[in-house]
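Worksheet for the structure shown next.
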Amino acid sequence: MRKILVLLVISIVFSGCITEEKETKTKELDLEIGEEYTYEFYSNGSYIGYNKYKVVGKEGENYLIESEVNISQANIDLKIDAKYTITKECMPVHYEFVAYVNNEKQTVSCEFTEGNVHEVATKGDQKFERDIKLEEGTYLLDNNMIGQWALMFKVMELKTGDSYVIPMFVPQPMKALKTEMKVGEIEKIEGYDCYKLDFIELGYFVYVSDGELIKMETKDKTLIIVLKR
């Protein structure tokens, strides 16, 4: 199957060798309806857009999230309106979005069951449908959905010196992947004491303070994403 969908600022597609299979210790989400966060994107120092997410309700013990992406860079205008449902362990139940890339409509819909996700995607007149096997504990981390990363970090218990393998599903390229995360020392970032996380295969540093995602950046610092205050 060919990779489809959005030409994105953040694109998670890689292959690499991961030697350690250590899982993070986790806790449950404790979110309030109405919580809302915005992450701003900067490319080579210039503001190019944002990703916003909001907790809009609950369905039993599951949380309902709405999210918006609006990015303009070079000759690309990207708009995404997304909805997703996650458990209190931050495991995905449902995910859908409608996107416009330079006014071309693209859609994704994912239904998650134990060990599997059924995805249907469209791009113009093309339709793609696929079942993808998932291992236990797989997080939903789609391109440019920084809120999904932020929610994942809320359930993780981090410790300097630890290294973890994180299973993840990325809907836009329709791929289940693994990435290694190494927890570094605490650094002062944007006024916060943050763990510095090294995502080796992805080429990102991520800074997290008391479970809150403060900043993400490529290792060459050409792309920086920060929590808006």
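If you number the sequence shown the way the working numbering does, the last residue is 814 and the count never jumps.
From the three backbone atoms N, C-alpha and C, an ideal C-beta is built for every residue, glycine too.
Here the structure is a predicted model, which is why all the values come from computation and not from measurement.
Give the DSSP-derived three-state secondary structure of ILE589 in the structure shown.
Its pLDDT being 42, under 50, ILE589 is placed unreliably by the model, and the measurement read from it follows with that caveat. Of the three classes helix, strand and coil, the one that applies to ILE589 here is coil, per DSSP.
Buried or exposed for ASP822, please, with buried defined as at least 16 other CB atoms from any protein chain shown within 10 angstroms of its CB.
Look at the range of the chain in this structure, 586 to 814, and you will see that residue 822 is not part of it.
Let me confirm a value: TYR632 is counted as buried when at least 16 other C-beta atoms fall within 10 Å, else exposed. Which label applies?
exposed
GLN711, buried or exposed, once every other Cβ within 10 Å from all chains shown has been counted against 16
exposed
Do the stretch 724 to 741 and the stretch 769 to 779 touch if we need at least three Cβ pairs shorter than 8 Å?
no
Within this structure, are the beta carbons of THR611 and MET730 separated by less than 8 Å?
no
Option in TYR622, GLY619, PHE754 with minimal Cα separation from GLU720
PHE754
Look up PHE790 in the DSSP assignment and give the residues it is bridged to.
ASP783, GLU802
Give me, in chain order, the residues of the same chain whose beta-carbon lies closer than 6 Å to that of PHE599; leave out the 5 immediate sequence neighbours on both sides.
With a pLDDT of 43 at PHE599, under the threshold of 50, the predicted position of this residue should be treated as unreliable, and no value is reported.
Quick one: Cα of THR698 to Cα of THR723, how far?
11 Å
How many angstroms separate the CA atom of ILE618 from the CA atom of ILE751?
27 Å
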